[in-house]
Amino acid sequence: MTEEGRALLTEAEQEIIAGDRDVSDNYEYKVRSLVRNRVRKKLGSDIDILEEHFPEVYEMVKRDVCDSPETDLQSVREAYQGLQGAFERSDPEAARRAADRIGEALGENDE
């Protein structure tokens with residue numbers, strides 16, 4: 001086992017979602033969907049195990065994830081600005097990506 005692995009995202013997923021890797025819109029959507037499903041289907045059970053059997057790490061995750069509502073609000077603001085810009089440019093693909101980011105930031109699932 002390696003010393004460090006991934007938390008939620010592989011390095012490639014991080015680059016694709018951040019827009020730092022040149023991939024098709026379709027492939028980016030596929031990666032986003034894969035990550036969304038991974039979180040939806042597996043994160044809860046991982047958190048339950050940490051809470052019961054590794055409480056110090058559970059508290060670390062809780063602090064980093066749950067105690068930062070301003071981060072989520074900033075993500076929504078940035079995605080909303082992207083959505084406005086996409087509509088102004090008449091760019092439906094960019095609008096769809098921005099809408100997806102807003103949904104993700106709000107915790108909504110679109111499948």
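With full-length UniProt numbering, you'll find the sequence shown wraps up at 111, consecutive numbering, no jumps.
Cβ coordinates follow ideal geometry from the N, Cα and C atoms, glycine included.
| said: Within 8 Å, do at least three Cβ pairs link the segment 76-84 to the segment 94-105? | reply: yes
| Terminal residues of the alpha helix (DSSP H) in which G44 lies | Indexing the sequence shown from 1 puts residue 44 at position 44. First-last of the alpha helix (DSSP H) with G44: G44 to H53.
| query | If we count the other Cβ atoms within 10 Å of its Cβ and call it buried at 16 or more, is V31 buried or exposed? | reply | The sequence position of residue 31 within the sequence shown is 31, counting from 1. Buried, by the Cβ-count rule.
| field | Helix, strand or coil at D25 according to DSSP, with G and I counted as helix | value | Indexing the sequence shown from 1 puts residue 25 at position 25. Correct three-state label for D25: helix.
| said: Quick test of your reading: V35 and E15, contact by CB under 8 Å. State the CB separation rounded to the nearest angstrom. | reply: Reading the sequence shown from its first residue, position 35 is the one you call residue 35. Reading the sequence shown from its first residue, position 15 is the one you call residue 15. No, V35 and E15 are not in contact; Cβ-Cβ is about 13 Å, not under 8 Å.
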